[in-house]
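Visitor: Using our numbering, the letters of the sequence shown correspond one by one to residues 474 to 913.
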Amino acid sequence: MIFNKKSTYEQHDNEKGSFYHSSVNPIKSKDILDQDINVDVCVIGGGLTGVSSALNIAKKGYSVALFEARKIGAGASGRNGGHLGVGMRKDQIYLENKLGKIHAKQLWDLGLEAVEETLNLIKDNNIDCALVKGILAAGTFENDYKQFEFEAEYLLKNYNFDAYRILNKDKIQNEINSNIYKSGLLNLRNYHINPLKLLIALTDLAIKEKVKIFENTPILKLEDHKDEILVIAAKHKIKAKKVVVGCNGYLDNLIGKKANSFMPINNYVIATESLGEEKAKDIIRNNYAVHDTRFIIDYYRFSEDWRMIFGGGETFSSQFLKDSKNFVLERMYKVFPQLQDYKVDYSWGGTLAITVNRLPMFGSMMNEKLIYAFGYSGHGLALSILSGKLISEKINGINEKFDAFGKIKHINIPGGNFLRRPIYSSAIFYYKLRDFFNSF
Ligand SMILES: Cc1cc2nc3c(=O)[nH]c(=O)nc-3n(C[C@H](O)[C@H](O)[C@H](O)COP(=O)(O)OP(=O)(O)OC[C@H]3O[C@@H](n4cnc5c(N)ncnc54)[C@H](O)[C@@H]3O)c2cc1C
Numbered sequence: 474m475i476f477n478k479k480s481t482y483e484q485h486d487n488e489k490g491s492f493y494h495s496s497v498n499p500i501k502s503k504d505i506l507d508q509d510i511n512v513d514v515c516v517i518g519g520g521l522t523g524v525s526s527a528l529n530i531a532k533k534g535y536s537v538a539l540f541e542a543r544k545i546g547a548g549a550s551g552r553n554g555g556h557l558g559v560g561m562r563k564d565q566i567y568l569e570n571k572l573g574k575i576h577a578k579q580l581w582d583l584g585l586e587a588v589e590e591t592l593n594l595i596k597d598n599n600i601d602c603a604l605v606k607g608i609l610a611a612g613t614f615e616n617d618y619k620q621f622e623f624e625a626e627y628l629l630k631n632y633n634f635d636a637y638r639i640l641n642k643d644k645i646q647n648e649i650n651s652n653i654y655k656s657g658l659l660n661l662r663n664y665h666i667n668p669l670k671l672l673i674a675l676t677d678l679a680i681k682e683k684v685k686i687f688e689n690t691p692i693l694k695l696e697d698h699k700d701e702i703l704v705i706a707a708k709h710k711i712k713a714k715k716v717v718v719g720c721n722g723y724l725d726n727l728i729g730k731k732a733n734s735f736m737p738i739n740n741y742v743i744a745t746e747s748l749g750e751e752k753a754k755d756i757i758r759n760n761y762a763v764h765d766t767r768f769i770i771d772y773y774r775f776s777e778d779w780r781m782i783f784g785g786g787e788t789f790s791s792q793f794l795k796d797s798k799n800f801v802l803e804r805m806y807k808v809f810p811q812l813q814d815y816k817v818d819y820s821w822g823g824t825l826a827i828t829v830n831r832l833p834m835f836g837s838m839m840n841e842k843l844i845y846a847f848g849y850s851g852h853g854l855a856l857s858i859l860s861g862k863l864i865s866e867k868i869n870g871i872n873e874k875f876d877a878f879g880k881i882k883h884i885n886i887p888g889g890n891f892l893r894r895p896i897y898s899s900a901i902f903y904y905k906l907r908d909f910f911n912s913f
């Protein structure tokens, strides 16, 4: 039997467009691959991992060409919730138990560095990406308050982290105009942004550093030759001393079975029409970004022009939902019934890469000529920007920070290409049920 599966990046072809895509200008590059070329470094993937890698590597004096199957930001980096958070997808206690205190502390520091690095890029280059301070975890369950207290105390005591503020029921309901939350934990070292505005600005910076950007140029195959990798596109070939792969949830089989170490999951977002500042602040008083505490979270915030950007709901099949707007709307109305008066202007979805332990997977292949970073598990906005910096350091022979991620052990999701999705969906069903029963 022949399975003719489409590439994951093709699933967005024919979509109507997202709020983010309507908020940016095209990148300033007209590069077209009309001949074979040689470069020091070939970067595959035009999301934050790829663009940040290209920018950092070019700054170190290497010649760089970046290949994106569609447009810059076509993947998760141009579709996400815009929550720019410190830490990893898993909390420090999990990391300490799993990896030991020293390694956990190393990852904590890198999580802080990821946000610092992003803030510095924004400030130093005067990037307008609608940066706002504060992400609030809104407690869906009664026992979240105790958990929040414990986490804030633990991080203060063990990590000297003093940016948490705990909100009781009155305070959270004063902050968010919804009666479903029971407590809250505000993190003042977190931010929210328009992620595509940042990505396009970083791409323009990379172009200034002479990075060649080839959009609409999927890479089909990679061949390991002794001192170089032959990178094969539809009509031409690229000889590169190093290759960086930053394809995350859209990776498919480009680097063989590595894709079995994560589950590509589709997550969905809507943007309403603008509510105006006054009404928006009646809904989220201090304009924080918010996520809840369920296993499959709701996450939301207001855009720079006061649209509610609301994300939530996941599917595990290789097909995107046809009616993702109503899928997300149903979740949004449970939190904010008052938003039924507002029109939805945009709805879209994106694919993320979830690893079994929810930690990113960094590594190398082909005798260190090929470097990859993926599997941010829905917490990749800051980490993908950091990964580009760490990959450029690795190319220059400085491995310490890259290896802090590289030494994390990952296991494959069983089932190979065809059974991975059903196996994973049945495991997730258990957690959905748990959320349902816990919410009473
Ligand atoms: C709906 C959604 C909401 C999210 N919300 C948040 C959030 O609020 N906060 C947070 O921290 N994280 C969030 N994430 C996760 C975050 O967006 C990702 O971790 C991050 O953007 C990954 O960046 P990346 O560059 O590695 O991958 P991507 O941005 O997905 O880029 C990969 C690129 O590779 C390209 N590609 C694939 N194959 C090829 C090929 N063969 N040749 C050339 N190009 C190829 C694709 O077209 C794609 O553009 C969210 C993700 C989704 C989908």
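Built from N, CA and C at the ideal position, the CB exists for glycine as well. Predicted, not measured: the structure shown is a model, and the values here were computed from it.
Could you tell me how far apart the beta carbons of Ala457 and Ile711 are, in whole angstroms, since I believe they sit closer than 8 angstroms?
Guide: An answer regarding residue 457 cannot be provided, because it is not within the stretch 474 to 913 covered by the chain.
Visitor: Between which two residues does the alpha helix (DSSP H) harbouring Leu594 extend?
Guide: Your numbering for residue 594 matches position 121 in the sequence shown. From DSSP, the alpha helix (DSSP H) with Leu594 extends over 574 to 597.
Visitor: Does the structure place the region 621 to 635 close enough to the region 509 to 528 that three or more beta carbon pairs sit under 8 angstroms?
Guide: No, because fewer than three Cβ pairs between the region 509 to 528 and the region 621 to 635 fall closer than 8 angstroms, the two stretches do not touch.
Visitor: Whole angstroms are fine: how far does the CA of Gln646 sit from the CA of Asn529?
Guide: Sequence index remark: in the sequence shown, residue 529 carries index 56 (1-based). Sequence index remark: in the sequence shown, residue 646 carries index 173 (1-based). Spanning the two alpha carbons is a distance of roughly 43 angstroms.
Visitor: Using only the heavy atoms of ligand 1, determine whether one of them is closer than 7 angstroms to the beta carbon of Phe847.
Guide: Numbered from its first residue, the sequence shown carries residue 847 at position 374. Yes, Cβ of Phe847 sits closer than 7 angstroms to a heavy atom of ligand 1.
Visitor: Identify, in the order they occur along the chain, each residue of the same chain with its Cβ nearer than 6 angstroms to the Cβ of Asp509, setting aside the five sequence neighbours on each side.
Guide: Your numbering for residue 509 matches position 36 in the sequence shown. His709, Lys710.
Visitor: From Arg552, Asp513, Gly555, Gly554, pick the residue whose C-alpha is nearest to that of Tyr535; which is it?
Guide: If you number the sequence shown from 1, residue 535 lands on position 62. Nearest of Arg552, Asp513, Gly555, Gly554 to Tyr535, Cα basis: Asp513.
Visitor: Near Ile639, what residues of its chain come up, given a Cβ to Cβ distance below 7 angstroms and the 5 sequence neighbours on each side ignored?
Guide: Residue 639 sits at position 166 when you count from the first residue of the sequence shown. Taking Ile639 as the centre and dropping the five residues before and after it, the same chain places the C-beta of Phe621, Glu622, Ala625, Leu658 closer than 7 angstroms to its C-beta, in chain order.
Visitor: What are the uninterrupted segments assigned as alpha helix (DSSP H) that are 4 or more residues long and contained completely in the region 625 to 664, given in chain order?
Guide: 642 to 648
Visitor: Only counting the same chain, and skipping five residues up and downstream in sequence, which positions put a Cβ closer than 7 angstroms to that of Asn885?
Guide: Within the sequence shown, the letter at position 412 stands for residue 885. Here the set comprises Asn733, Ser734.
Visitor: Taking the DSSP output, what are the residues bridged to Thr788?
Guide: For the purposes of this step, residue 788 is taken as the residue at position 315 of the sequence shown. For Thr788, the beta-bridge partners assigned by DSSP are Asn739.
Visitor: Counting pairs of beta carbons, one from the region 807 to 823 and one from the region 734 to 743, are three or more of them closer than 8 angstroms?
Guide: yes
Visitor: In three-state DSSP terms, what is His698?
Guide: Indexing the sequence shown from 1 puts residue 698 at position 225. Correct three-state label for His698: coil.
Visitor: Val559 to Asp765, Cα distance in whole Å?
Guide: For the purposes of this step, residue 559 is taken as the residue at position 86 of the sequence shown. For the purposes of this step, residue 765 is taken as the residue at position 292 of the sequence shown. Looking at the two C-alpha atoms, the distance is approximately 17 angstroms.
Visitor: Please confirm whether Gly555 and Ile705 have their CB atoms less than 8 angstroms apart.
Guide: As a working note, residue 555 is residue 82 in the sequence shown. As a working note, residue 705 is residue 232 in the sequence shown. No, the Cβ-Cβ distance between Gly555 and Ile705 is not below 8 angstroms.
Visitor: Under 7 angstroms from any heavy atom of ligand 3, does the C-beta of Tyr482 make it?
Guide: In the structure on display, ligand 3 does not appear, and the ligands it does have are ligand 1.
Visitor: Is the region 606 to 618 touching the region 750 to 765 in the sense that three or more CB pairs, one from each, lie closer than 8 angstroms?
Guide: yes
Visitor: Tell me whether Ser820 sits in a helix, a strand or coil according to DSSP, three-state version.
Guide: Residue 820 sits at position 347 when you count from the first residue of the sequence shown. Here Ser820 sits in strand by DSSP.
Visitor: Output the boundary residues of the beta strand (DSSP E) element that contains Ala846.
Guide: Taking the first residue of the sequence shown as 1, we reach residue 846 at position 373. DSSP places Ala846 in the uninterrupted beta strand (DSSP E) bounded by 843 to 847.
Visitor: Whole angstroms is fine: what's the gap from Leu832's alpha carbon to Gly729's?
Guide: Residue mapping note: residue 832 aligns to position 359 of the sequence shown, counting from 1. Residue mapping note: residue 729 aligns to position 256 of the sequence shown, counting from 1. Their Cα atoms are separated by approximately 20 angstroms.
Visitor: Under 6 angstroms Cβ to Cβ from Ser518, same chain only, skipping five residues before and after it: list those, please.
Guide: The residue you call residue 518 lines up with position 45 of the sequence shown. The sequence shown places Gly at residue 518, not Ser. Excluding sequence neighbours, Gly518 sits near Gly719, Cys720.
Visitor: What do you reckon, are the CB atoms on Glu746 and Asp818 nearer than 8 angstroms?
Guide: In the sequence shown, counting from the first residue as 1, residue 746 sits at position 273. In the sequence shown, counting from the first residue as 1, residue 818 sits at position 345. A contact, by the Cβ cut-off of 8 angstroms.
Visitor: Taking the continuous alpha helix (DSSP H) assigned at Asn529, which residues delimit it?
Guide: Against the sequence shown, residue 529 aligns to sequence position 56. First-last of the alpha helix (DSSP H) with Asn529: 521 to 532.
Visitor: Going by beta-carbon coordinates alone, are Tyr618 and Asn652 separated by less than 8 angstroms?
Guide: Position 145 of the sequence shown, counted from the start, is the residue given in the question as residue 618. Position 179 of the sequence shown, counted from the start, is the residue given in the question as residue 652. No, Cβ-Cβ distance for Tyr618 and Asn652 is not below 8 angstroms.
Visitor: Would you report the Cα separation of Ile649 and Ala753, rounded to the nearest angstrom?
Guide: Reading the sequence shown from its first residue, position 176 is the one you call residue 649. Reading the sequence shown from its first residue, position 280 is the one you call residue 753. When rounded, the distance between both Cα atoms is 10 angstroms.
Visitor: Please go through the same chain and pick out, in chain order, the residues whose beta-carbon is closer than 7 angstroms to the beta-carbon of Asn689, but skip the five residues on each side of it.
Guide: Start at 1 with the first residue of the sequence shown, and residue 689 comes out as number 216. Contacts found: Arg543.
Visitor: Give the DSSP bridge partners of Cys720, in chain order.
Guide: Position 247 of the sequence shown holds residue 720. Beta-bridge pairing links Cys720 to no other residue.
Visitor: DSSP puts Arg774 in a beta bridge; with which residues?
Guide: Taking the sequence shown and counting its residues from 1, the one referred to as residue 774 is at position 301. Answer is Ile782.
Visitor: Just to confirm the assignment, what range does the beta strand (DSSP E) spanning Asp507 have?
Guide: Translated into the one-based positions of the sequence shown, residue 507 becomes position 34. Boundaries cannot be given for Asp507, as no beta strand (DSSP E) includes it and DSSP labels it neither H nor E.
Visitor: Please report the distance separating the alpha-carbon of Phe800 from that of Ala549.
Guide: What you label residue 800 is simply residue 327 of the sequence shown in a count that begins at 1. What you label residue 549 is simply residue 76 of the sequence shown in a count that begins at 1. Distance between the alpha carbons of Phe800 and Ala549 is about 19 angstroms.
Visitor: Quick one: residues in its chain with C-beta nearer than 7 angstroms to the C-beta of Glu751, no 5 flanking neighbours on either side, listed in chain order?
Guide: Against the sequence shown, residue 751 aligns to sequence position 278. Within the same chain, Glu751 has no close Cβ partners at all.
Visitor: Measure the beta-carbon distance from Leu859 to Leu583 and round it to whole angstroms, keeping in mind my assumption that it falls under 8 angstroms.
Guide: Against the sequence shown, residue 859 aligns to sequence position 386. Against the sequence shown, residue 583 aligns to sequence position 110. With 8 angstroms as the limit, Leu859 and Leu583 qualify as a contact, their Cβ atoms being about 7 angstroms apart.
Visitor: What span of residues does the beta strand (DSSP E) with Asp765 cover, start to end?
Guide: Start at 1 with the first residue of the sequence shown, and residue 765 comes out as number 292. Run containing Asp765: 762 to 765, per the beta strand (DSSP E) assignment.
Visitor: Tell me the residue span of the beta strand (DSSP E) that contains Ser837.
Guide: On the sequence shown, residue 837 is found 364 positions in, with the first residue counted as 1. Per DSSP, Ser837 belongs to the beta strand (DSSP E) from 834 to 838.
Visitor: Confirm, please, whether the CB-CB distance from Ile881 to Leu521 is below 8 angstroms.
Guide: If you number the sequence shown from 1, residue 521 lands on position 48. If you number the sequence shown from 1, residue 881 lands on position 408. Contact flag unset, no.
Visitor: Please classify His709: does DSSP put it in a helix, a strand, or coil?
Guide: Here residue 709 is taken as the residue at index 236 of the sequence shown, counted from 1. DSSP places His709 in coil when its eight states are reduced to three.
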